[in-house]
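One point on numbering: in our numbering, the residue at position 37 of the sequence shown is 129, and numbering is uninterrupted.
We treat Cβ as the ideally placed atom computed from N, Cα and C, and that holds for glycine.
Written below as structure tokens is the structure these notes are about.
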Amino acid sequence: MSAAPHLIARRSVLAAAGAWVFAQPASAQLVGELASAVSDFSRAQPVQRGRVKLEIAPLVDNGNVVPVAVTVESAMSGADRVESIALFNEKNPQREVAFFTLGPRCARASVATRMRLATSQKVVAVARMADGSHWMDVADVVVVLAACIEGEGS
Numbered sequence: 093m094s095a096a097p098h099l100i101a102r103r104s105v106l107a108a109a110g111a112w113v114f115a116q117p118a119s120a121q122l123v124g125e126l127a128s129a130v131s132d133f134s135r136a137q138p139v140q141r142g143r144v145k146l147e148i149a150p151l152v153d154n155g156n157v158v159p160v161a162v163t164v165e166s167a168m169s170g171a172d173r174v175e176s177i178a179l180f181n182e183k184n185p186q187r188e189v190a191f192f193t194l195g196p197r198c199a200r201a202s203v204a205t206r207m208r209l210a211t212s213q214k215v216v217a218v219a220r221m222a223d224g225s226h227w228m229d230v231a232d233v234v235v236v237l238a239a240c241i242e243g244e245g246s
């Protein structure tokens, strides 16, 4: 049994569209000032999803102190070494949260800190590798009690 010609054409179009979506760099899925900040860090190179694990709670009661950790799958030697890790946010007044530089003596690509979140938003971690590639992870965080609002409404 063969499929009707119009079904084959539709399947081909859907397959091509799906391949195009997955071929796009992950950074193409970011928009606005967040995309610009990530692009500046990656030196306008494509940023792929994978290798980076961003650990942050999906629901935060208080945005004033939000623990965050980033780990990167890496042998930490040769071209498979993480040179730096950056944290970005979508809606805080300043998009760049933190930059970490990892030297050649670093045995693991793992960092942890705390950040403030003004409201519910995306948080992005990007790793720059010694081979020039960039990898990222994105998390959506819902903030119940927003931070960064001192002086508003006073």
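- Item | C-beta contact flag for leucine 146 and alanine 217 at 8 Å | yes
- Distance between proline 185 and phenylalanine 114 (C-alpha atoms, nearest Å): Bear in mind that the predicted position of phenylalanine 114 carries a pLDDT of just 43, short of 50, making it too unreliable to give a figure here.
- Message: Three or more C-beta pairs under 8 Å: does that hold for the segment 225-241 against the segment 187-200?
- Response: no
- For valine 152, collect the residues of the same chain with a Cβ closer than 8 Å to its Cβ; drop the 5 residues on either side in sequence, then sort them by chain order. Val158, Leu209, Val233, Val234, Val235 and Val236
- Rounded C-beta distance between glutamate 175 and arginine 220? I'm assuming under 8 Å. 5 Å
- Message: Restricting to runs no shorter than 4 residues, where is the alpha helix (DSSP H) found entirely within the segment 115-188?
- Response: 124-133
- Message: So, at 6 Å on beta carbons, what are the nonlocal neighbours of asparagine 154 in its own chain, with the 5 sequence-adjacent residues on each side left out?
- Response: Leu237
- Item | Spatial distance of threonine 205 from serine 131 (CA atoms) | 23 Å
- Query: What number of angstroms, rounded off, separates the C-alpha of valine 189 from the C-alpha of valine 203?
  - Reply: 13 Å
- Could you tell me which residues DSSP puts in a beta bridge with threonine 205? Val160
- Message: Can you look up alanine 199 in the DSSP assignment and give me helix, strand or coil?
- Response: coil
- Which whole-angstrom value describes the C-beta separation of phenylalanine 133 and alanine 178, a residue pair presumed to lie in contact below a C-beta threshold of 8 Å? 5 Å
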